[in-house]
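The numbering used here applies: residue 955 is where the sequence shown begins, and numbers increase by one. No residue lacks a Cβ here, since even glycine has one placed at the ideal position from N, Cα and C.
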Amino acid sequence: MLGFTGYWQGNRVSVQGTGMGMPSFSIYAQELIDSYHAKRLVRVGTCGTMSEDLHLKDVLIAQAADNDSAMNPSRFGSYQFAPTASFNLLAKAVGHAQAAKMGFAVGNVFTSDQFYDQKGEEKKLIAQSVGTMAIDMETCELYTLARLKHVEALTLLTVSDSLLTGEQVPPAQRQSTFDAMVDLALLTLFS
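Here's what the structure looks like:
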């Protein structure tokens, strides 16, 4: 898995691939925190929208993560932990997104263990009933690790697919569409 360290406007920053899903993500995030002493992690990625208020190419600033994973029950037993973003990073991201007049929303994401899920429609309906806006595969683990390791964390997701309409951002447009999200992440980290 590739990782790079460099500078953005004089600030040292590392970018690390993590693979897909919570187990893979967990390995890389824990090593960044434990071995390299990372104190703030911002995940940038894609999501599928299940909200009429979140459109293709919009950015979701994820405030919390619902999930269907067995990872947190394995950690916490019957205690129902609610994985949330670091408020400091969330507030900064909202301010920068407003200043840039970008299409964005703040809301919950559903982190799923399965990309192709036989019970996906059922889970989508449950998530929608509680106002969850989108689906990804990593945010719950990021927010859980951040709380366990006492570091800051935030997820920014560009909507690449609609679970409502079946629409997708064409592959050729994805790179340029995601640039705004990466800029938002860097501004959030270094302001």
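- Assigned with DSSP and collapsed to three states, Q1052 falls in helix.
- Residue range T1093 to K1103 is occupied by the alpha helix (DSSP H) that includes T1093.
- Residue ranges of uninterrupted alpha helix (DSSP H) with 4 or more members, entirely inside the region 1008-1042 and ordered along the chain, are 1025-1030.
- In the pairwise beta carbon analysis, the region 995-1015 is classified as touching the region 1047-1057: at least three pairs are separated by under 8 Å.
- Shown here, F979 sits in a helix according to DSSP, grouped into three states.
- Taking all protein chains shown into account, M1091 has 16 or more neighbouring C-beta atoms within 10 Å of its C-beta and is therefore buried.
- The three-state secondary structure of L995, taken from DSSP, is strand.
- Linking L1138 to I1015 through their CA atoms gives a straight-line distance of about 10 Å.
- Here the alpha carbons of F1041 and M1087 stand approximately 19 Å from one another.
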